[in-house]
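J.: Before we start, here is the structure in question, set down as structure tokens.
Protein chains: 2
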Amino acid sequence: MKQFLVIGLGNFGYHLAIRLYEKGHDVLALDKNSDLVQNIKDHVTQAIVADATDPKTISSLDLKDIDSAIVSIGSNLSNSILAVLNLQESGIRHIVAKAINDPHMRILEKLGVQEISFPEKDIAISTAERLHNPNLIDFLPFMEGYGIIELTVPDRFIGKSLREINLTNRYGVQIVAIKEMVPEKLHFIPKADFVLKNSDILILFGSDKGLGKMKTD
Amino acid sequence: MKQFLVIGLGNFGYHLAIRLYEKGHDVLALDKNSDLVQNIKDHVTQAIVADATDPKTISSLDLKDIDSAIVSIGSNLSNSILAVLNLQESGIRHIVAKAINDPHMRILEKLGVQEISFPEKDIAISTAERLHNPNLIDFLPFMEGYGIIELTVPDRFIGKSLREINLTNRYGVQIVAIKEMVPEKLHFIPKADFVLKNSDILILFGSDKGLGKMKTD
Ligand SMILES: Nc1ncnc2c1ncn2[C@@H]1O[C@H](COP(=O)(O)OP(=O)(O)OP(=O)(O)O)[C@@H](O)[C@H]1O
Ligand SMILES: Nc1ncnc2c1ncn2[C@@H]1O[C@H](COP(=O)(O)OP(=O)(O)OP(=O)(O)O)[C@@H](O)[C@H]1O
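Chains as they are written, first to last, in numbering that gives the first Met the number 0: chain P, 0 to 216; chain L, 0 to 216.
So this is what it looks like as structure tokens:
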């Protein structure tokens with residue numbers, strides 16, 4: 000199980016923190032607003048009232064086992080940026096930051112955070128796509144219990160065609176795409192006669208159970 | 000081409016409005032903040048400065064050809080709710096509303112809006128899933144040019160098995176799931192021997208072109 004630090008308990012930080020805790024991870028939740036901290040404390044490992052822009056605050060926390068820190072401070076670019084800088088200075092290797100707007104996103108890219116999230120923009124774009132084409136399904140909600148993963152080609156499949164390995168009928172997973180590496184090319188919905196190479200990367204859709212079985216078999 | 004009314008030009012409303020306009024639709028963008036209206040006016044059909052909570056404002060607009068109205072007013076539940084009520088009273092049939100928080104979402108459900116969007120919560124949950132399982136792919140971005148649609152079973156496929164109709168190799172689309180209606184049941188990743196009935200609904204993943212061909216053939 001992993002350890003996460005979540006800074007900023009607005010909608011994004013709150014739902015992220017409680018979900019990670021529900022999945023069995025250690026979650027330290029931090030916000031300067033004591034009501035929000037009080038509200039979340041039974042749903043995470045530990046919740047503290049603190050100002051993430053204060054370097055002393057961040058350096059006083061025991062962060063050596065933190066796998067990832069998520070900064071979801073809204074409304075104020077500089078507060079979010081200061082929090083990110085404090086985390087980087089305390090040696091946190093993996094930072095996810097929520098962007099407040101497009102300029103903020105560019106600054107976060109320059110700071111080298113590992114992942115930038117911009118929920119309002121991404122969902123606005125997929126909502127526009129669905130208003131444009133009402134047949135499109137909003138696939139975010141229907142994917143509970145299912146996922147799409149990347150997997151290197153298992154040894155026993157190298158040199159075989161998709162028809163031969165028959166993944167759908169044997170494992171209940173679908174090969175949605177194959178990423179070829181030399182040259183780099185993404186093949187969506189590969190045909191049955193596609194022969195797998197050891198450098199290929201499979202992009203598989205399936206149930207958590209089916210995908211799990213693919214990874215371990 | 001359709002007509003859309005977008006109320007509230009924060010990140011969500013802004014990106015939604017310009018995307019719909021880029022896809023060729025008529026977009027009327029409205030906000031009480033004149034800077035935001037000025038900023039967007041070259042990227043939509045028309046942009047106006049107005050207060051969406053004022054019933055006179057909404058009733059003075061020519062809304063009879065509006066296919067859908069999107070309310071993305073943030074920070075204040077009552078402003079968003081008043082805007083929704085004004086739209087409903089002026090006869091708008093399809094409303095998309097962005098939720099500010101969970102209580103707001105429940106109120107929007109009670110008001111009967113056709114679609115509620117809660118980007119921060121949805122993306123927080125999918126981000127948590129990916130932090131929990133780093134193999135999971137963030138499939139929102141990689142889906143450009145591809146989509147998932149629902150389609151009733153074409154007549155010529157009724158009574159045939161998936162093996163016989165061979166969609167992947169013939170149309171370049173994948174049947175990700177089949178929704179059976181009687182009783183209602185969702186089959187993910189159906190096996191090749193599944194025989195299609197006229198009441199089934201296909202859930203297809205494919206390129207815009209492949210899906211388009213499926214719909215018209
Ligand atoms: N310096 C800080 N230290 C700790 N927490 C902070 C600091 N500055 C702001 N916050 C907290 O960040 C949280 C998120 O900020 P805010 O609600 O403005 O963002 P938001 O982007 O609108 O949130 P969301 O979209 O996730 O609902 C708030 O709960 C706020 O108290
Ligand atoms: N009564 C109103 N009439 C028209 N526009 C309004 C009204 N009230 C608020 N707005 C506008 O709604 C927009 C969105 O509000 P705000 O930026 O607070 O929301 P937000 O949820 O944080 O936005 P986002 O998450 O999309 O960035 C603002 O540009 C604001 O000017």
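From the three backbone atoms N, C-alpha and C, an ideal C-beta is built for every residue, glycine too.
Pull up the DSSP beta-bridge partners for residue 268 (chain P), would you.
T.: For chain P, the structure presents residues 0 to 216; residue 268 (chain P) sits outside this window and is missing.
J.: I'd like to confirm something about residue 101 (chain L): is its beta-carbon nearer than 6 angstroms to some heavy atom of ligand 1, or not?
T.: Locating residue 101 (chain L) in the second sequence gives position 102, counting from the first residue. Every heavy atom of ligand 1 is 6 angstroms or more from the Cβ of residue 101 (chain L), so no.
J.: What's the call for residue 157 (chain L), buried or exposed, on a 16-neighbour Cβ count within 10 Å?
T.: Here residue 157 (chain L) refers to the residue found at position 158 of the second sequence. Its Cβ having fewer than 16 others within 10 Å, residue 157 (chain L) is exposed.
J.: Pick out the complete beta strand (DSSP E) segments inside the segment 52-126 of chain P, 3 residues or longer, and give them in chain order.
T.: Fully enclosed beta strand (DSSP E) runs of 3 or longer: 67-70, 94-97 and 114-116.
J.: Closer than 6 angstroms by C-beta to residue 68 (chain L): which residues in its own chain qualify, once you throw out the five before and the five after it? Chain order, please.
T.: Translated into the one-based positions of the second sequence, residue 68 (chain L) becomes position 69. Excluding residues within five positions, the ones whose Cβ falls inside 6 angstroms are 4, 86, 91 and 94.
J.: Compare the beta carbon distance of residue 148 (chain P) and residue 134 (chain L) with 7 angstroms and say whether it is the shorter of the two.
T.: Indexing the first sequence from 1 puts residue 148 (chain P) at position 149. Indexing the second sequence from 1 puts residue 134 (chain L) at position 135. Yes. Within cutoff.
J.: What in chain P is Cβ-close to residue 116 (chain L), meaning under 8 angstroms?
T.: Position 117 of the second sequence holds residue 116 (chain L). Those are 122 and 126, listed as they occur along chain P.
J.: Compare the C-beta of residue 186 (chain P) against all C-beta atoms of chain L and say whether one is closer than 7 angstroms.
T.: The residue you call residue 186 (chain P) lines up with position 187 of the first sequence. For residue 186 (chain P), the answer is no, since every Cβ of chain L falls outside 7 angstroms of its Cβ.
J.: Return the CA-CA distance between residue 26 (chain L) and residue 103 (chain P), expressed in angstroms with no decimal places.
T.: In the second sequence, the residue the question calls residue 26 (chain L) occupies position 27. In the first sequence, the residue the question calls residue 103 (chain P) occupies position 104. Computed Cα separation, rounded: 27 angstroms.
J.: Note down the Cα distance separating residue 59 (chain L) from residue 53 (chain L), rounded to an integer number of angstroms.
T.: Position 60 of the second sequence, counted from the start, is the residue given in the question as residue 59 (chain L). Position 54 of the second sequence, counted from the start, is the residue given in the question as residue 53 (chain L). Cα to Cα, residue 59 (chain L) sits roughly 10 angstroms from residue 53 (chain L).
J.: Using a Cβ-Cβ cut-off of 7 angstroms, state whether residue 169 (chain L) counts as contacting chain P.
T.: Position 170 of the second sequence, counted from the start, is the residue given in the question as residue 169 (chain L). Output row for residue 169 (chain L): interface = no.
J.: Could you pull the DSSP bridge partners for residue 154 (chain P) from this structure?
T.: As a working note, residue 154 (chain P) is residue 155 in the first sequence. Beta-bridge pairing links residue 154 (chain P) to no other residue.
J.: Within 7 angstroms of any Cβ in chain B, is that where the Cβ of residue 191 (chain P) sits?
T.: The chain inventory of the structure shown lacks chain B, comprising the protein chains P and L.
J.: Note down the Cα distance separating residue 101 (chain L) from residue 199 (chain P), rounded to an integer number of angstroms.
T.: Position 102 of the second sequence, counted from the start, is the residue given in the question as residue 101 (chain L). Position 200 of the first sequence, counted from the start, is the residue given in the question as residue 199 (chain P). Roughly 43 angstroms between the two C-alpha positions.
J.: Can you give the Cα-Cα distance for residue 21 (chain P) and residue 192 (chain P), rounded to whole angstroms?
T.: Within the first sequence, residue 21 (chain P) is the residue found at index 22, counting from 1. Within the first sequence, residue 192 (chain P) is the residue found at index 193, counting from 1. Each residue's Cα considered, the two are about 42 angstroms apart.
J.: Does DSSP classify residue 4 (chain P) as helix, strand or coil?
T.: Here the question's residue 4 (chain P) lines up with position 5 in the first sequence. Correct three-state label for residue 4 (chain P): strand.
J.: Does DSSP put residue 219 (chain P) in a helix, in a strand, or in coil?
T.: Because chain P here runs from 0 to 216, residue 219 (chain P) falls outside it and cannot be looked at.
J.: Does DSSP put residue 48 (chain L) in a helix, a strand or coil?
T.: Here residue 48 (chain L) is taken as the residue at index 49 of the second sequence, counted from 1. In the structure shown, residue 48 (chain L) sits in a strand (DSSP, three-state: E or B).
J.: Starting from the C-beta of residue 212 (chain L), find all residues in its chain whose C-beta is less than 7 angstroms away, skip the five residues before and the five after it, and write them out in chain order.
T.: As a working mapping, residue 212 (chain L) is identified with position 213 in the second sequence. Same-chain partners within the cutoff: 170.
J.: Along chain P, which residues have their Cβ under 7 angstroms away from the Cβ of residue 179 (chain L)?
T.: For the purposes of this step, residue 179 (chain L) is taken as residue 180 along the second sequence, with counting starting at 1. Within chain P, no residue comes near residue 179 (chain L); the closest Cβ sits about 15 angstroms away, beyond 7 angstroms.
J.: Using a C-beta cutoff of 7 angstroms, does residue 38 (chain P) count as contacting chain L?
T.: By one-based count along the first sequence, residue 38 (chain P) stands at place 39. With 7 angstroms as the cut-off, residue 38 (chain P) does not count as an interface residue toward chain L.
J.: Under 7 angstroms, Cβ to Cβ, is there at least one residue of chain L near residue 146 (chain P)?
T.: Here the question's residue 146 (chain P) lines up with position 147 in the first sequence. By this cut-off, residue 146 (chain P) is an interface position.
J.: Tell me where the beta strand (DSSP E) around residue 26 (chain L) begins and ends.
T.: Working through the second sequence from its first residue, we reach residue 26 (chain L) at position 27. From DSSP, the beta strand (DSSP E) with residue 26 (chain L) extends over 25-30.
J.: Does any residue of chain L have a CB that is nearer than 7 angstroms to the CB of residue 2 (chain P)?
T.: Within the first sequence, the letter at position 3 stands for residue 2 (chain P). No - not a single Cβ of chain L is within 7 angstroms of the one on residue 2 (chain P).
J.: Quick one: grab the DSSP three-state call for residue 17 (chain L).
T.: Numbered from 1 along the second sequence, position 18 holds the residue referred to as residue 17 (chain L). If DSSP states are grouped into helix, strand and coil, residue 17 (chain L) belongs with the helices.
J.: Figure out for me which residue from L:9, L:30 and L:160 has the closest Cα to the Cα of residue 49 (chain L).
T.: Position 50 of the second sequence, counting from 1, holds the residue named residue 49 (chain L). When only C-alpha atoms are compared, the closest one is L:30.
J.: Let me confirm a value: residue 119 (chain L) is counted as buried when at least 16 other C-beta atoms fall within 10 Å, else exposed. Which label applies?
T.: For the purposes of this step, residue 119 (chain L) is identified with residue 120 of the second sequence, where counting begins at 1. Answer is buried; the Cβ neighbour count reaches 16.
J.: Enumerate in chain order the residues of its own chain whose CB-to-CB distance from residue 167 (chain P) is below 7 angstroms, with the five nearest sequence positions on each side excluded.
T.: Taking the first residue of the first sequence as 1, we reach residue 167 (chain P) at position 168. Same-chain partners within the cutoff: 173.
J.: My understanding is that residue 39 (chain L) touches residue 13 (chain L), with C-beta atoms under 8 angstroms, so please give their C-beta distance in whole angstroms.
T.: Within the second sequence, residue 39 (chain L) is the residue found at index 40, counting from 1. Within the second sequence, residue 13 (chain L) is the residue found at index 14, counting from 1. Sure, about 6 angstroms apart at Cβ, within 8 angstroms.
J.: Roughly how many angstroms lie between the CA atoms of residue 8 (chain P) and residue 36 (chain P), to the nearest whole one?
T.: On the first sequence, residue 8 (chain P) is found 9 positions in, with the first residue counted as 1. On the first sequence, residue 36 (chain P) is found 37 positions in, with the first residue counted as 1. Taking the straight line from one Cα to the other gives about 8 angstroms.
J.: Helix, strand or coil for residue 209 (chain P)? Go by DSSP, reduced to three states.
T.: Position 210 of the first sequence holds residue 209 (chain P). Residue 209 (chain P): helix per DSSP, three-state reduction.
J.: Can you tell me whether residue 32 (chain P) sits near ligand 4, meaning its C-beta is under 6 angstroms from at least one heavy atom of the ligand?
T.: For the structure depicted, ligand 4 is absent and the ligand set comprises only ligand 1 and ligand 2.
J.: Tell me whether residue 167 (chain P), by its Cβ, gets closer than 6 angstroms to a heavy atom of ligand 2.
T.: The residue given as residue 167 (chain P) occupies position 168 in the first sequence. Checking every heavy atom of ligand 2 against the Cβ of residue 167 (chain P), none is found closer than 6 angstroms.
J.: Under 7 angstroms between C-beta atoms, does residue 212 (chain L) make it to chain P?
T.: Locating residue 212 (chain L) in the second sequence gives position 213, counting from the first residue. Cβ-Cβ to chain P under 7 angstroms: no for residue 212 (chain L).
J.: Would you decide whether residue 23 (chain L) is buried or exposed? Buried here means 16 or more other CB atoms lie within 10 Å of its CB.
T.: Residue mapping note: residue 23 (chain L) aligns to position 24 of the second sequence, counting from 1. Residue 23 (chain L) should be labelled exposed.
J.: Below 8 angstroms on C-beta distance, what does residue 9 (chain P) contact in chain L?
T.: Here residue 9 (chain P) refers to the residue found at position 10 of the first sequence. Going along chain L in sequence order, the residues near residue 9 (chain P) (Cβ under 8 angstroms) are 119.
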